[in-house]
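Scroll down for the structure; my scribbles are underneath it.
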Amino acid sequence: MVKREDDYMALIKCPECNNDISDQAEKCPKCGYELKKTEEPPKDTKKFKGKIDYKYIILGLLVVVVGFYMLNQRNNTQTGTSSIDSGSPAPSSGTQPSGGSSTPAATPGTNQGYVVYNDTNLGVQYEIPGSYGTFTDNNGLTYVGASIDSEGALIPYIVLGWSNSHNNPVQFLNAFTDELRKTYNDVAITIDLVQGNLGQYSVYGIQYTYNSSGHLVVDNRYATVINNKIFMIGSKEENVNQEYINDIIRVMFNTLKGGN
674 MVKREDDYMA LIKCPECNND ISDQAEKCPK CGYELKKTEE PPKDTKKFKG
724 KIDYKYIILG LLVVVVGFYM LNQRNNTQTG TSSIDSGSPA PSSGTQPSGG
774 SSTPAATPGT NQGYVVYNDT NLGVQYEIPG SYGTFTDNNG LTYVGASIDS
824 EGALIPYIVL GWSNSHNNPV QFLNAFTDEL RKTYNDVAIT IDLVQGNLGQ
874 YSVYGIQYTY NSSGHLVVDN RYATVINNKI FMIGSKEENV NQEYINDIIR
924 VMFNTLKGGN
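The working numbering puts the first residue of the sequence shown at 674, with every later residue one more than the last.
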């Protein structure tokens, strides 16, 4: 005998009204309670949470990377030096491409990192920081600085030269002022002609400021007489470098010899 499908049915109690109904019924005929409800499968909250965490981790890493890049760019801007001429290359440090040679300094009190530089171009010698380089241009001027090579100089730097076409330091500095104003149209004299002593020399000094390639340049010039020649030491810098560069100039005047 073949069993019918109905033979497999059994009676159950409706959970809602306690009425006897078939276990195959979809809902109770008395109260309408649905026995075979279609329920949504529970969401995998763990998986969902994992996605949120991963997204925030990526976002956090991006913030850190961008922040580090901006900080690095800011530090480079604050600590870097700028070129007087906007198109000049960035010279390397501590080179001596032309104009002389160096020997260890022996002068008491000035040999902390200094060397004696024999400037064959100007016929003098003086002490400069051992890490500094030098360069002689086509006009016979010697440049001394931390960032100098055969292509040029980056500020801050010191420049030396001499002239026998002027009678005294004041005349030389007045002529220099006229030439400077031909090059820069906003030259301001911030310290007018003053006289004082640097080392064993009586010098006249003057200070200018002007804008070059978007930078406010401080230009100091000192002039004295050595063997009937007007000898000049000057510096180009920005305000942040002024005290340090002036200390080097004092050492250079203190140790300056020659000039025949």
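Glycine residues also receive a C-beta, built at the ideal position from the N, C-alpha and C atoms. Predicted, not measured: the structure shown is a model, and the values here were computed from it.
Exposed or buried, G813, counting other C-beta atoms within 10 Å across all chains shown (16 or more means buried)? Taking the first residue of the sequence shown as position 1, residue 813 is located at position 140. The residue is exposed, with fewer than 16 neighbouring Cβ atoms inside 10 Å.
Looking at I862: is its Cβ nearer than 8 Å to the Cβ of Y881? Within the sequence shown, numbered from 1, the residue matching residue 862 stands at position 189. Within the sequence shown, numbered from 1, the residue matching residue 881 stands at position 208. Yes.
Is L866 near Y877, with beta carbons less than 8 Å apart?
Your numbering for residue 866 matches position 193 in the sequence shown. Your numbering for residue 877 matches position 204 in the sequence shown. Against a cut-off of 8 Å, the Cβ pair of Y877 and L866 comes out as a contact.
Report task. Answer with buried or exposed for N837, where buried requires no fewer than 16 other C-beta atoms within 10 angstroms of its C-beta. Result -> Looking up residue 837 in the sequence shown gives position 164. Classification of N837: exposed, given that the 10 Å Cβ count is below 16.
Handout entry: Proximity winner among H839, V832 and L889, relative to D859 (alpha-carbon distances)
Key = Mapped onto the sequence shown, residue 859 falls at position 186. Checked all of H839, V832 and L889; the closest Cα to D859 is L889.
Q.
Does the beta-carbon of K686, which I'm using as the reference point, lie nearer than 7 Å to any heavy atom of the ligand MN?
A. In the structure shown, the ligand MN is absent, as is every other ligand, since no ligand is present at all.
| request: Run the CB neighbour count on S908, radius 10 Å, all protein chains shown included, and call it buried at 16 or more, exposed below. | output: What you label residue 908 is simply residue 235 of the sequence shown in a count that begins at 1. Flag for S908 reads buried.
TODO: Give the secondary structure of A861 by DSSP, where H, G and I count as helix, E and B as strand, and everything else as coil.
DONE: Counted from its first residue, the sequence shown places residue 861 at position 188. Looking at A861 - three-state DSSP - the assignment turns out to be strand.
Nearest candidate by alpha-carbon position, reference N900, set P829, Y787, V797 and T928:
Counting from one through the sequence shown, the residue named residue 900 turns up at place 227. Of the listed residues, the one whose Cα sits closest to N900 is V797.
ask   = Quick one: is N691 buried, meaning 16 or more other Cβ sit within 10 Å of its Cβ, or exposed?
value = Along the sequence shown, read from residue 1 onward, the residue named residue 691 stands at position 18. It counts as exposed.
Host alpha helix (DSSP H) of Q844 (start-end)
Translated into the one-based positions of the sequence shown, residue 844 becomes position 171. Here the alpha helix (DSSP H) through Q844 covers P842 to T856.
Name the two residues that bound the continuous beta strand (DSSP E) containing E910. As a first step, residue 910 is located in the sequence shown; it is residue number 237 there, counting from the start. Run containing E910: K902 to E910, per the beta strand (DSSP E) assignment.
inquiry  = Which of the three DSSP states is assigned to N691 in this structure?
reply    = Position 18 of the sequence shown, counting from 1, holds the residue named residue 691. In this structure, N691 counts as coil in the three-state DSSP scheme.
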